[in-house]
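Novice:
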Amino acid sequence: MHPARSLILFTSLSGLGFGVLAWLGLGTPAVTGWVAFVFYLIAFGLAGGGLVASTFHLGRRERALKAFTQWQSSWLSREAWLAVAAMATMGLFALGAVFFGQHWQPLGWLGAVLSLATVFATSMIYAQLKTVPRWNMPLTPVLFLSLSIAGGALLSGEIGPAILFLCVAGALTLAHWTLGDRRFAQSGTTMETATGLGPIGQVRAFEPPHTGTNYLMREMVFRIGRKHSLKLRVMGFGLMVLLPVLILLLPFHHALAAVAVLSHVAGLFITRWLFFAEAEHVVGLYYGAHDKTSDPIA
Amino acid sequence: MTQLPEKTERKLGLVIDLDTCVGCHACVISCKGWNTENYGAPLSDQDPYGADPSGTFLNRVHSYEVQPETGAPQLVHFPKSCLHCEDAPCVTVCPTGASYKRVEDGIVLVNESDCIGCGLCAWACPYGAREMDAAEGVMKKCTLCVDRIYNENLAEEDRVPACVRTCPSGARHFGDLDDPDSAVSQLVAARGGIDLMPEQGTKPVNKYLPPRPKDRLDEVDVLAPYLEPVAEDPRGFLGWLDRTLDRL
Ligand code: SF4
Ligand code: SF4
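These protein sequence lines are chains A and B, in that order. Heads up, the first sequence is in our numbering, so the first residue is 3 and it goes up one at a time. Heads up, the second sequence is in our numbering, so the first residue is 1322 and it goes up one at a time.
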């Protein structure tokens, strides 16, 4: 799939932001006054910034509000509702913490649950798609949630939980890559089933429908080389998990903590880029992707 | 409404004959011609006369080569457009209600004034049947020429989708696939019509008729015995000439 900048920013930043909000809602850290103000500013900035970035993906941004109507069937619509509900609830909770030095805890718990539910809904937008086998597994929401919780802990300065959840998220990232690599083959969709010509013999894409490219190929028939992807996996994993964990194991220092955060975010961007770039859509089969006899056209 | 109807009253759709399609792309052109000036936003082109042309099409014709176990490979032309699936995943993912499936005839449509151009429906379709128009920012797809098939201003024979009306080889058929007695249903039954990517669980309404088995060369060669060379070794005068010339 085409790794669109707006979607990488949206999923990573809002994931981080709602992760921080979840930790704040649980009262870890239990901050008040100006300190709380700064924490909430960062959290809302990330969550809100991510959501704004997502609207840049739309062909018709001015109609974005219509996306709230179909919550009964659409994960995208559910995500919109949950994001607003989580931000409103946590906004009230933040009000108490910043201006009244109070923690209205039930509100915080509700806000934490809604924040994680938002991340879950975001991940389901991708995980629900049978057409993209690499995404279409229960591990996808688990991975998104673990990354959000780990990033949230790191940004809220919860060192112990941050180390623990970074390791969990790291393990899940590796699992998602390993299982994901086999998903396309497991899906059972091949050029033979796509064309229905399997009973006659082996199918090869002979001529594409047009001499030029098209929306489908730009959007869904994106492929990266294996070598390229391995390098990026190593880099992404090192920056997102290994380096931050090593830094957190050292004696605490503010400057070092900042490095850990920056490294994690950079690594998150790389792995999220890969999440999109490595995902193959079954429509690629019509264009000769996975062709057993020759190089794919795309 | 992006919840799918429990059941539609009819299942209008296409039956595409892969045996007779000659790959002329006439349906592609007539589809673009009709749909760029009728229902909804026009089908725009980008850089149409430049070095990198692309554009929105609702119907595209691929060509595949199939290699049987033995014998010569076969070339199959393969038109592809929306299959108006019964379990259309493109409809349920839509956050705005722009995508819907009609109860009265099962046609899957996009209400373009509600579409925000998020592109999720195109991701959800396994067949690549939806394309976002780059100029308009909304999703375009085959409407089964909903503005032709019920159009009383057109002559009766024109009340079929533009692609069906145009096809010079009679490879495209239109009708109600819910009615077992309809011509299309009988065609599907007679020719063993199939679903594309059945494992994706979309239950497409459109059906494809697989190419019929090709004639085999060894079966048509009934005259071969009569065409065998009459004499391997020439005899008589010709034989003497042959041998004498060889010796020289
Ligand atoms: S072919 Fe694609 S666009 Fe058409 S109904 Fe099926 S899933 Fe939807
Ligand atoms: S692109 Fe339009 S029709 Fe498709 S899912 Fe988004 S809003 Fe619905």
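Ideal Cβ placement from N, Cα and C applies to all residues, glycine included.
Can you tell me the Cα-Cα spacing of residue 288(A) and residue 207(A), whole angstroms?
Specialist: Using only the alpha carbons, I get a separation of about 7 Å.
Novice: Are any of the Cβ atoms in chain B nearer than 9 Å to that of residue 300(A)?
Specialist: The predicted model places residue 300(A) with a pLDDT of 39, which falls under 50 and marks its position as unreliable, so this point remains unresolved.
Novice: Using a beta-carbon distance cut-off of less than 8 Å, what residues from the region 1363-1375 of chain B approach chain A?
Specialist: Correct list: 1373, 1374, 1375.
Novice: Quick check on the DSSP output: the beta strand (DSSP E) that includes residue 1(A) runs from which residue to which?
Specialist: Examination of residue 1(A) is not possible in this model, given that chain A is present from 3 through 300 alone.
Novice: For residue 1434(B), count neighbouring C-beta atoms within 10 Å of its own C-beta (all shown protein chains included) and say buried if the count is 16 or more, exposed if not.
Specialist: Classification of residue 1434(B): exposed, given that the 10 Å Cβ count is below 16.
Novice: Please classify residue 297(A) as buried or exposed, where buried requires at least 16 other C-beta atoms within 10 Å of its C-beta.
Specialist: Low local confidence applies: a pLDDT of 48 at residue 297(A) is under 50, so the model's placement there is unreliable, with the coordinate-based value given in what follows. Its Cβ having fewer than 16 others within 10 Å, residue 297(A) is exposed.
Novice: Residue 67(A) to residue 188(A), Cα distance in whole Å?
Specialist: Whole-angstrom Cα-Cα distance: 38 Å.
Novice: Out of curiosity, what's the CA-to-CA distance linking residue 222(A) and residue 286(A)?
Specialist: Using only the alpha carbons, I get a separation of about 7 Å.
Novice: For the alpha helix (DSSP H) that residue 1356(B) lies in, which residues bound it at each end?
Specialist: Segment 1347-1358, the alpha helix (DSSP H) holding residue 1356(B).
Novice: Under the DSSP definition of a beta bridge, which residues are partnered with residue 1496(B)?
Specialist: BP columns for residue 1496(B) point to 1334(B).
Novice: Consult DSSP for residue 1379(B) and reduce its assignment to one of helix, strand or coil.
Specialist: Coil, per DSSP.
Novice: For residue 1428(B), count neighbouring Cβ atoms within 10 angstroms of its own Cβ and tell me buried if that reaches 16, exposed if not.
Specialist: Classification for residue 1428(B): buried.
Novice: Tell me, please, whether the region 82-91 of chain A touches the region 128-146 of chain A by the rule of three or more beta-carbon pairs shorter than 8 Å.
Specialist: No, they do not touch.
Novice: Should the region 25-43 of chain A be called in touch with the region 108-120 of chain A, which here means at least 3 C-beta pairs below 8 Å?
Specialist: Because the criterion of three Cβ pairs below 8 Å is met, the region 25-43 of chain A and the region 108-120 of chain A touch.
Novice: Near residue 1503(B), what residues of its chain come up, given a Cβ to Cβ distance below 7 Å and the 5 sequence neighbours on each side ignored?
Specialist: These residues qualify, in order along the chain: 1496, 1497.
Novice: Grab me the residues of residue 1490(B)'s own chain with a C-beta within less than 6 Å of its C-beta, minus the 5 sequence neighbours each way, in chain order.
Specialist: Hits under 6 Å: 1341, 1343.
Novice: Within its chain, find whatever has a CB closer than 8 Å to the CB of residue 237(A); leave out the 5 residues flanking it on each side and keep chain order.
Specialist: Excluding residues within five positions, the ones whose Cβ falls inside 8 Å are 269, 272.
Novice: Shortest alpha-carbon distance to residue 1412(B) belongs to which of 1443(B), 1485(B), 1356(B), 1383(B)?
Specialist: That would be 1443(B), whose Cα lies nearest to the Cα of residue 1412(B).
Novice: Which residues in the same chain as residue 300(A) place their Cβ atom closer than 8 Å to its Cβ, once the five residues preceding and following it in sequence are excluded?
Specialist: Any reading at residue 300(A) must be qualified, since the residue scores a pLDDT of 39, below 50, and its modelled position is unreliable; the value itself is stated next. The answer, listed in chain order, is 219, 223, 224, 225, 286, 289, 290, 291.
Novice: Compare the C-alpha of residue 190(A) against each of 1447(B), 1381(B), 1350(B), 1473(B) and name the closest.
Specialist: Checking every option, the nearest Cα to that of residue 190(A) belongs to 1447(B).
Novice: Please report the distance separating the alpha-carbon of residue 1468(B) from that of residue 1506(B).
Specialist: Rounded to whole angstroms, residue 1468(B) to residue 1506(B) spans 23 Å at the Cα level.
Novice: Can you tell me which of the three DSSP states residue 1462(B) falls into?
Specialist: Residue 1462(B) falls in the strand class under three-state DSSP.
Novice: Does residue 1571(B) have its Cβ less than 9 Å from a Cβ in chain A?
Specialist: Residue 1571(B) lies beyond the residue range present for chain B, which begins at 1322 and ends at 1569; the question has no answer from this structure.
Novice: When burial is assigned at 16 or more other CB atoms within 10 Å of the CB, is residue 1528(B) buried or exposed?
Specialist: Residue 1528(B) is buried by the Cβ-count criterion.
Novice: Distance, Cα to Cα, residue 75(A) vs residue 250(A)?
Specialist: Whole-angstrom Cα-Cα distance: 42 Å.
Novice: Measure from the alpha carbon of residue 1424(B) to the alpha carbon of each residue in 1526(B), 1453(B), 1391(B), 1325(B), then state which is nearest.
Specialist: Nearest option by C-alpha distance: 1325(B).
Novice: Quick check: what's the CA-CA separation for residue 46(A) versus residue 19(A)?
Specialist: Distance between the alpha carbons of residue 46(A) and residue 19(A): 6 Å.
Novice: Does DSSP put residue 170(A) in a helix, a strand or coil?
Specialist: The answer is helix: DSSP assigns residue 170(A) an H, G or I state.
Novice: Going by DSSP in three states, residue 1529(B) sits in which element: helix, strand or coil?
Specialist: Three-state DSSP puts residue 1529(B) in a strand.
Novice: Can you list the residues of chain A that residue 1384(B) reaches, using a CB-CB cut of under 7 Å?
Specialist: Those are 208, 209, listed as they occur along chain A.
Novice: For the alpha helix (DSSP H) that contains residue 1518(B), what are its first and last residues?
Specialist: Unbroken run through residue 1518(B): none, as it is neither H nor E.
Novice: By Cβ distance, which residues of its chain are closer than 8 Å to residue 1440(B), with the 5 residues on each side in sequence left out?
Specialist: Once the five neighbours on either side are set aside, the close Cβ partners of residue 1440(B) are 1453, 1460.
Novice: Would you say residue 266(A) and residue 245(A) are within 9 Å of each other, going by their C-beta atoms?
Specialist: Yes. Within cutoff.
Novice: Is the CB of residue 1326(B) under 9 Å away from at least one CB in chain A?
Specialist: No, residue 1326(B) does not count as interfacial toward chain A.
Novice: For a contact meaning CB atoms closer than 9 Å, what does residue 61(A) contact in chain B?
Specialist: Under the 9 Å cutoff, chain B gives 1436, 1437, 1438, 1439, 1440, 1453, 1454, 1455, 1457, 1458, 1459, 1460.
Novice: Does residue 201(A) get closer than 9 Å to chain B when you measure Cβ to Cβ?
Specialist: It does; some Cβ of chain B falls within 9 Å.
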